[in-house]
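Engineer: A single structure is presented below for examination.
In our numbering, the protein residues as written are 1191 to 1369.
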């Protein structure tokens, strides 16, 4: 009987985006998705910037929100099945405006946050279908590192632990009481 392996469908590649701040900013706080929809976590990344610095769209899309929310300026750009979020931003775009990757959305505002005394842009990426938060650093090729097995071999050797059955070539694997 022959078994045939059916390849798994390839995962959709992340889109190629651009940094929303230039030059490439330092990451003050990384992505830490919540374990549950209402749980604690950090649903994006904080990028170190300067008040008044230009904030740019990471991907092409359409502005779907550009207004204040909870005392901060927020811009949301929809990209079909995902959307990116930027705050605190003094918007220079309006709902319905098309934007290209790297286009100016507005300027970074100073707002009370966990970044004080620095100014930070909170940058988020959301799956519009499932509502899942995604790591926006994946858009610029800085997402999580995934290690692959070393050519199918275990480079660290066997896992230590209790032996299962006789171990050949040792006192455990030889008959006892024989000379």
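The C-beta atom is built at its ideal place from N, Cα and C for all residues, glycine as well.
Just to confirm before moving on: does the CB-CB distance between residue 1235 and residue 1291 stay below 7 Å?
Structural biologist: What you label residue 1235 is simply residue 45 of the chain shown in a count that begins at 1. What you label residue 1291 is simply residue 101 of the chain shown in a count that begins at 1. No, Cβ-Cβ distance for residue 1235 and residue 1291 is not below 7 Å.
Engineer: In angstroms with no decimal places, state the Cα-to-Cα distance between residue 1171 and residue 1257.
Structural biologist: Past the edges of the chain, shown from 1191 to 1369, lies residue 1171, and the structure says nothing about it.
Engineer: Answer yes or no: do residue 1324 and residue 1315 have a C-beta to C-beta separation smaller than 7 Å?
Structural biologist: What you label residue 1324 is simply residue 134 of the chain shown in a count that begins at 1. What you label residue 1315 is simply residue 125 of the chain shown in a count that begins at 1. For residue 1324 and residue 1315, yes; Cβs fall inside 7 Å.
Engineer: Closer than 8 Å is the cut-off here; do at least three beta carbon pairs connect the segment 1245-1263 with the segment 1216-1226?
Structural biologist: no
Engineer: So, using beta-carbon positions, are residue 1249 and residue 1269 closer together than 7 Å?
Structural biologist: Against the chain shown, residue 1249 aligns to sequence position 59. Against the chain shown, residue 1269 aligns to sequence position 79. Yes. Within cutoff.
Engineer: Could you tell me which residues DSSP pairs with residue 1268 in its beta bridges?
Structural biologist: As a position in the chain shown, residue 1268 is number 78, starting the count at 1. For residue 1268, which the question treats as bridged, DSSP gives the partners 1252, 1273.
Engineer: What span of residues does the beta strand (DSSP E) with residue 1300 cover, start to end?
Structural biologist: The residue labelled residue 1300 in the question sits at position 110 within the chain shown. Unbroken run through residue 1300: none, as it is neither H nor E.
Engineer: What residue range does the beta strand (DSSP E) around residue 1280 cover?
Structural biologist: As a working note, residue 1280 is residue 90 in the chain shown. Residue 1280 -> beta strand (DSSP E) spans 1279-1281.
Engineer: In the DSSP assignment, find the unbroken beta strand (DSSP E) run with residue 1211 in it and report its ends.
Structural biologist: Taking the chain shown and counting its residues from 1, the one referred to as residue 1211 is at position 21. Counting along the chain, residue 1211 falls outside any beta strand (DSSP E), and DSSP gives it neither H nor E.
Engineer: Distance check for residue 1221 and residue 1230, CA to CA, integer angstroms please.
Structural biologist: Start at 1 with the first residue of the chain shown, and residue 1230 comes out as number 40. Start at 1 with the first residue of the chain shown, and residue 1221 comes out as number 31. Taking C-alpha positions only, residue 1230 is separated from residue 1221 by approximately 12 Å.
Engineer: Quick one: Cα of residue 1332 to Cα of residue 1204, how far?
Structural biologist: Here residue 1332 refers to the residue found at position 142 of the chain shown. Here residue 1204 refers to the residue found at position 14 of the chain shown. The alpha-carbon atoms of residue 1332 and residue 1204 are separated by roughly 11 Å.
Engineer: From the DSSP output, which residues share a beta bridge with residue 1288?
Structural biologist: For the purposes of this step, residue 1288 is taken as residue 98 along the chain shown, with counting starting at 1. DSSP, once it has assigned bridges, lists 1252 as partnering residue 1288.
Engineer: Output the boundary residues of the beta strand (DSSP E) element that contains residue 1204.
Structural biologist: Sequence index remark: in the chain shown, residue 1204 carries index 14 (1-based). No beta strand (DSSP E) contains residue 1204, which DSSP labels as neither H nor E.
Engineer: Using only the alpha-carbon positions, how far apart do residue 1243 and residue 1211 sit?
Structural biologist: As a position in the chain shown, residue 1243 is number 53, starting the count at 1. As a position in the chain shown, residue 1211 is number 21, starting the count at 1. Approximately 8 Å between the Cα atoms of the pair.
Engineer: Round the Cβ separation of residue 1253 and residue 1285 to the nearest angstrom and send it over; I've been treating them as touching at under 8 Å.
Structural biologist: Counting from one through the chain shown, the residue named residue 1253 turns up at place 63. Counting from one through the chain shown, the residue named residue 1285 turns up at place 95. Between residue 1285 and residue 1253 the Cβ distance is about 6 Å, and since that is below 8 Å, they are a contact.
Engineer: Can you tell me where the beta strand (DSSP E) with residue 1236 in it begins and where it stops?
Structural biologist: As a first step, residue 1236 is located in the chain shown; it is residue number 46 there, counting from the start. Element bounds for residue 1236: 1235-1239.
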